[in-house]
Amino acid sequence: MSYFGGDASHFDNSFEFFYNHATCYISYINRKANPMKEYTTEFLRNVALVSHGGAGKTMLAESFLHATKATTRQGKIEDGTTVSDYDDEEHRRKISIYASVIPIEHRDHKINVIDAPGYTDFVGETVSALSVADGAIILVDAVAGVEVGTELAWKYADEFNLPRFFVINKMDRDNANFDEAYLAVEAFVKAHGKRAIKVHLPIGEKAAFKGVVDIIGMKSYLGDGNVIGEIPAELKEAAEKAHFALVEAAAEGEDELMEKYLENGSLTDAEMVRGLEDVVYAGEFVPVFCAAGGHEVGAIALLNDIIDLMPSPLNAPKRVAQGKSGEETLKPSDTEPLAAYVWKTTADPFVGKMTYFRVFSGSMQAEGHIWNQNKGAEERVSGLHFQRGKEVIAAKVVHAGDIAAVSKLNVTATGETFCDKGHPLTIAKPKYPVALYRVAITPKSQADAAKISPTLTKLCEEDMTLIWQNDPITHETVLQGMGDQHIDVALHRAQSKFQVGLATHEPRIPYREGITRKATAQYRHKKQSGGSGQFGEVHLRIEPLPSADFEFTDELVGMNLSKSYLPPIEKGIRATLERGAFAGYPMSNVKVIVFDGKEHEVDSKPVAFEIAGREAFKLAVQDAGPVLFEPIMNVRVTIPDANMGDVMSDINTRRGRVQGTDSEHGSTVIVAHVPMAEMLRYTSQLRSMTGGRGYFTMEFDHYDTVPSHITGPIIEAHKKEMEAKKEE
Ligand SMILES: Nc1nc2c(ncn2[C@@H]2O[C@H](COP(=O)(O)OP(=O)(O)OP(=O)(O)O)[C@@H](O)[C@H]2O)c(=O)[nH]1
Ligand SMILES: [Mg+2]
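To convert a position in the sequence shown, counted from 1, into the working numbering, add 282.
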């Protein structure tokens, strides 16, 4: 899709969308000798950790690692020592920027925990993470409760139709209150048409939070969960009550269980898990847990329930691929034809290219060739591996449902599918939010200038929400991302990985020049002193032309001007159309009629008419009611009802015209036409106006006249720029 969309065909070709995932630095230094055990499909789980920024996802993954003894000590965000956040920029900012896979081995299963970033600017990574997950684990901070990012996480999990868990995390915090947080989560889940159900109860709270009661098995898990015991007496009653609610939920999963339950008044643990599986896989029930990842409380109990209640790839939401003759549902089995989806690629000057994929059907061997269906090309595979953060673990085979990586492929990009050459299958790329935060990019030095295009291309190949283009109208290099942090990370990456210094500034608006009425003008170009002379005189008329960009004709009669001079006249005018006749922006929708002129037997030559035509045209424009046109965007703003007034009046101050309002899932949607010039920083401004709850989309709609009080300064700026250029 073109950013400018609509019928602005002059933009379409220039917008090269280089989609790819953002990523991180892979180090081979930490390559470990210990191979991972082999896990076949039914023993795999793929879950993405998602939340509002900072709810504790990375630390929860860290506690999973430590509790299962994959690490000898738990890393810390503050020290930059977590397995998941291993990139320099993540260390510097103390947030996650890239999605990373943390395989956790527990109870003979492998849980691929995909730790996604929570900050809005990096939502592209969250979408990528969810695109290869079979379940979403949504974390909420026990004190902050449901936040904007919780809603977004839910929304994206919905897009992939994923079963989900809620984890009330950071239960050790000073003001943590499980009951309050649970009520908020329950109300949130209910508002989205599902039912929340308690699976954990906290043992202690705040500083005294020391374990959880698992309501399914009716056991206590103290500390990280490696110590299992009886339920504390003071929690017995609450646990019985919660257990009863779970039994009822399980009984809803299967008619047979319901009958059994009605007959006996109870179900066995195994029956309960079986019943719950169905209602959780179907997304009807959302189990709620509690933990304090940072303090290693709750890890093992949660891992147990991920194994028991999250689907293996066998029971995961069905995935389809485009086959030779229509859509095929993928079967997650090693014996089926291969379909592996590339969800992330990274290019690093030191370690080369890394390609991360998930096998949705079939299996992949460590040595051999694979077919990239999108590129129609074969890739050579020499070695497959699993990643644990930056650690690389060799894999002999990758079974159906698993997530792995391969290095040094040649042509494969994010969003592509590997399959058997004889059985073509293409898995569709998910929809990514459109990057609407635009900055113009300039190189910091001459040396950087030469590397700007290949560097931006590489960055955008890794990141599906980063786009760059050379704007054909403003002649600027424009980078578009999700917000200022996102752009900032990209520029830091350009510097640290590719040694290219890039600066940003406000992008120019692609205005266009136009005329509003007919006008005539004439110009004589004469240079007859010394040497060979030049002579040309052109009389022309210009008219607005709504139906086309440009038309050039003549009404020449008699012998004043021979038609052979028309092509140079047209050439001179076309050059002016491109460069602009009065404000430095291209002109369109104009018809030029040459109706008279004069020529000289000796001194007339094409170049003289090129100049005369150009100057006559510029003179005519001055009389033809020149105007500037600006791109008007069709903007769709989604906000909480409470922000309606503020956002509306803000749109008015941006010269916006509201086209309508709507209500959608408890939010207000405002549709408005707003000039692009007023939308440059709207991403951040809307966030601050709505406390991060509002979001918007926009696309080019049409061009409209710029009001005269705004045109003046633009023309002045152009004049100054031209004068400065002359002086140079
Ligand atoms: N009190 C307390 N603090 C925690 C806990 N878990 C994480 N933190 C702190 O909360 C902050 C954010 O933790 P992260 O694990 O980075 O959170 P995140 O959800 O991964 O953050 P993003 O990936 O940036 O969205 C850090 O300062 C952690 O030390 C916890 O269980 N209890
Ligand atoms: Mg994180």
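Ideal Cβ placement from N, Cα and C applies to all residues, glycine included.
Secondary structure at Leu444: coil, using DSSP grouped into helix, strand and coil. Residues of the same chain with a CB within less than 7 Å of the CB of Leu843, apart from the 5 flanking positions on each side, are Asp878, Gly879, Lys880, Glu881 in chain order.
Environment of ligand 2, chain-ordered: Lys339, Thr340, Ser378, taking every residue with Cβ within less than 5 Å of a heavy atom.
For His577, the distance from the CB to the nearest heavy atom of ligand 1 is below 7 Å. His787 sits in a strand when the DSSP states are folded into three classes.
The alpha-carbon of Ser966 is positioned some 57 Å away from that of Lys845. Considering only Glu860, Asp390, Val874, the residue with the shortest C-alpha distance to Leu838 is Val874. Around the beta carbon of Gln751, 16 or more other beta carbons sit within 10 angstroms, so the residue counts as buried. For Asp944, the three-state secondary structure derived from DSSP is strand. At the C-beta level, Ala890 and Phe834 stay beyond 8 Å of one another. The secondary-structure analysis by DSSP pairs Lys880 across a beta bridge with Glu819. For Thr979, the uninterrupted beta strand (DSSP E) run begins and ends at 977 to 987, by DSSP. DSSP places Phe571 inside the beta strand (DSSP E), whose first and last residues are 567 to 572. In the DSSP assignment, Pro385 falls within the beta strand (DSSP E) that extends over 382 to 388.
Only exposed fits Met841, as fewer than 16 other CB atoms lie within 10 angstroms of its CB. The residue among Ile992, Pro828, Ala906 with its C-alpha nearest the C-alpha of Arg936 is Ile992. A heavy atom of ligand 1 is found nearer than 7 Å to the CB of Ala574. Where Thr993 is concerned, the enclosing alpha helix (DSSP H) starts and stops at 990 to 1009. Assigned with DSSP and collapsed to three states, Pro913 falls in strand. With fewer than 16 other Cβ atoms from the protein chains shown falling within 10 Å of its own Cβ, Gly511 counts as exposed. Counting only runs of 3+ residues, the beta strand (DSSP E) found wholly inside the region 472 to 539 occupies 477 to 480, 482 to 485, 493 to 496, 501 to 504, 509 to 511, in chain order. In the three-state reduction of the DSSP assignment, Phe632 falls in the coil class.
The C-beta separation of Phe346 from Ile386 comes to about 5 Å, placing the pair in contact by the 8 Å criterion. The criterion of a C-beta distance shorter than 8 Å is satisfied by Ala603 and Leu612. For ligand 1, no non-hydrogen atom lies closer than 7 Å to the CB of Pro484. In terms of CA proximity to Gly486, Tyr503 leads the group Ala439, Tyr503, Ala330. According to the DSSP assignment, Thr935 belongs to the alpha helix (DSSP H) that extends over 926 to 935. Contact between the region 763 to 771 and the region 395 to 406 is present, with at least three C-beta pairs closer than 8 Å. Listed in chain order, the non-local C-beta contacts of Ser664 below 7 Å within the same chain comprise Glu649, local neighbours out to five positions each way being set aside.
Just so you know, the alpha carbons of Ile479 and Val570 end up roughly 6 Å apart.
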